[in-house]
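Novice: The listed protein sequences derive, respectively, from chains A and B.
Our numbering runs 27 ahead of the 1-based position in the first sequence.
Our numbering runs 158 ahead of the 1-based position in the second sequence.
Note that CB positions come from ideal geometry on N, CA and C, so glycine has one too.
Fair warning: this is a prediction, and the values are worked out from it, not measured in the lab.
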Amino acid sequence: MANLKVPVAPADHSLGEEDAQVTLVEYGDYECPHCGHAHPIVNAVRKHFGNQLRFVFRNFPLTEIHPHAEAAAEAAEFAGAQGHFWEMHDGIFENQPRLSGRLLAELAVGLGLSSDDLTAALEGHEYLSRIKSDFLGGVRSGVNGTPTFFINGVRYDGAAEFEELVEAIDEQLSGGKIKRRRAG
Amino acid sequence: MAHILAPGTTAPDFTLPVTPDQSLSLRDLRGQPVVLAFYPADWSPVCGDQMALYNEIHPEFQKYKAEVVGISVDGVWCHAAFAHDRHLHFPLLADFEPKGAVAKAYGVYREKEGVCERALFVIDEEGVIFWSYCSPIAVNPGADGILEALENLKERRQSHGQLESSRRAS
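1) Could you tell me the boundaries of the beta strand (DSSP E) in which residue 53/A lies?
2) Any C-beta of chain B sitting closer than 8 Å to the C-beta of residue 157/A?
3) May I ask you to list, following chain order, the residues of the stretch 179-192 of chain A that have a beta carbon less than 9 Å from some beta carbon of chain B?
4) Are the beta-carbon atoms belonging to residue 266/B and residue 162/B less than 8 Å from one another?
5) Is it the case that the Cβ atoms of residue 196/A and residue 82/A are separated by a distance below 8 Å?
6) Which bits of chain A does residue 215/B rub up against, with CB to CB less than 7 Å?
7) So with Cβ pairs under 8 Å, would you call residue 301/B a contact of chain A?
8) Within 10 Å of its beta-carbon, does residue 232/B have 16 or more other beta-carbons around it, so buried, or fewer, so exposed?
9) Which residues in the same chain as residue 119/A place their Cβ atom closer than 6 Å to its Cβ, once the five residues preceding and following it in sequence are excluded?
10) Are three or more beta carbon pairs between the stretch 167-181 of chain B and the stretch 294-313 of chain B nearer than 8 Å?
11) Determine the chain A residues that contact residue 297/B at a beta-carbon separation under 8 Å, and present them in chain order.
12) Looking at the strands, I want to know which residues DSSP matches up with residue 225/B.
13) Taking a contact to mean a Cβ-Cβ separation below 8 Å, would you say residue 178/A touches residue 101/A in this structure?
14) Would residue 192/A pass as a contact of residue 48/A if the rule is Cβ separation under 8 Å?
15) From 97/A, 116/A, 163/A, 181/A, pick the residue whose C-alpha is nearest to that of residue 148/A; which is it?
16) In terms of residue numbering, what span does the beta strand (DSSP E) encompassing residue 67/A cover?
17) Is it buried or exposed, residue 86/A, if we count other Cβ atoms within 10 angstroms and call 16 or more buried?
18) So what does residue 257/B bridge to, in DSSP terms?
19) In chain B, which residues lie less than 8 Å from residue 68/A when you measure between Cβ atoms?
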């Protein structure tokens, strides 16, 4: 069984409460169609569980097969450095079929960010080391393609579909209850 | 059912075609760690399949001076098209004729389907299997096990080196 080797930390991009019962970590690639497919599913899963669930996104761009994946990840980090990570994240996935340099610039401008600054950040690979670090942490944790999910630190090998994810998270929630009962 | 060769076993040598007019022998790679990645077939319909993943991680493998080779029962032309499409930076060997002979020698052939298992071997500098792992056929084994084995192999080499130099010093 593969386990998350890099614990979730404050530097991670996360949605939800730190003390949520379940943390769902996704290693994803902005140009991967399966990640694009999973994006609205993750949102629905988050909505379903509310504050019981925390969601964390980490970069795993497969640059050899996805020419825009790295720039997209860098653009999301660029926006993230200015407090707009999730807006950029959503914008990229929602417009995945037309992912390009132009789209990234458009999205940045839409968030009130400077497209010149974005260009400079992409050309200087300002955020690349963070992305590489996400990637290597993922490799060490047994990420075996995109998207790869970890539920409370354990790799989830099921389908990236709503019902399957909900079921796996429910299992964690009921497991948590049993443990607490034992502790009490 | 055949069993996957265990650590400590000498890795069976083989010579397999790597392109339509070139072949590769395991013994040619002696002196460096070798990662043998058996997989069922080219063209599996997912992003970031096993070979694409190893391709992305290739620079990490190179840090350990490890040579990675993929092996399946697909023929050389199929491998050539697949490697070109996925921009692979490491060789794919064709265990094509006699079909699956190398996979059988390593105990990782699936007779029923006629394909290789998803099986990984890390072979040390002397040609001895240092680590092996067979994954459920539907689960891409990722690269964490390989990297951990390469790290352990490096540590073993370093501690041997220290032993040697302390012997020489005394």
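Specialist: Reading from the atomic positions:
1) By one-based count along the first sequence, residue 53/A stands at place 26. Start and end: 49-55.
2) The count along the first sequence starts at 1 and reaches residue 157/A at position 130. With 8 Å as the cut-off, residue 157/A does not count as an interface residue toward chain B.
3) 182, 184
4) Translated into the one-based positions of the second sequence, residue 266/B becomes position 108. Translated into the one-based positions of the second sequence, residue 162/B becomes position 4. Going by C-beta atoms, residue 266/B is nearer than 8 Å to residue 162/B.
5) Taking the first sequence and counting its residues from 1, one reaches residue 196/A at position 169. Taking the first sequence and counting its residues from 1, one reaches residue 82/A at position 55. No, these two residues do not count as a Cβ contact at 8 Å.
6) By one-based count along the second sequence, residue 215/B stands at place 57. Going along chain A in sequence order, the residues near residue 215/B (Cβ under 7 Å) are 166.
7) Taking the first residue of the second sequence as 1, we reach residue 301/B at position 143. So yes, residue 301/B belongs to the interface.
8) Working through the second sequence from its first residue, we reach residue 232/B at position 74. Looking at its Cβ environment, which holds 16 or more other Cβ atoms inside 10 Å, residue 232/B is buried.
9) Position 92 of the first sequence holds residue 119/A. Hits under 6 Å: 57, 99.
10) no
11) If you number the second sequence from 1, residue 297/B lands on position 139. Residues of chain A passing the Cβ test: 171, 184.
12) To locate residue 225/B, count along the second sequence from 1; it is residue 67. Its beta-bridge partners are 192/B.
13) As a working mapping, residue 178/A is identified with position 151 in the first sequence. As a working mapping, residue 101/A is identified with position 74 in the first sequence. No, these two residues do not count as a Cβ contact at 8 Å.
14) Residue numbering aside, residue 192/A sits at position 165 when the first sequence is read from its first letter. Residue numbering aside, residue 48/A sits at position 21 when the first sequence is read from its first letter. Result no, Cβ atoms of residue 192/A and residue 48/A do not sit closer than 8 Å.
15) Your numbering for residue 148/A matches position 121 in the first sequence. When each option's Cα is compared against that of residue 148/A, the closest is 97/A.
16) The sequence position of residue 67/A within the first sequence is 40, counting from 1. For residue 67/A, there is no enclosing beta strand (DSSP E); the residue is part of the alpha helix (DSSP H) that begins and ends at 60-76.
17) As a position in the first sequence, residue 86/A is number 59, starting the count at 1. Residue 86/A should be labelled buried.
18) By 1-based counting over the second sequence, the position of residue 257/B is 99. Answer is 254/B.
19) Working through the first sequence from its first residue, we reach residue 68/A at position 41. What residue 68/A touches in chain B: nothing, since even the nearest Cβ is about 16 Å away.
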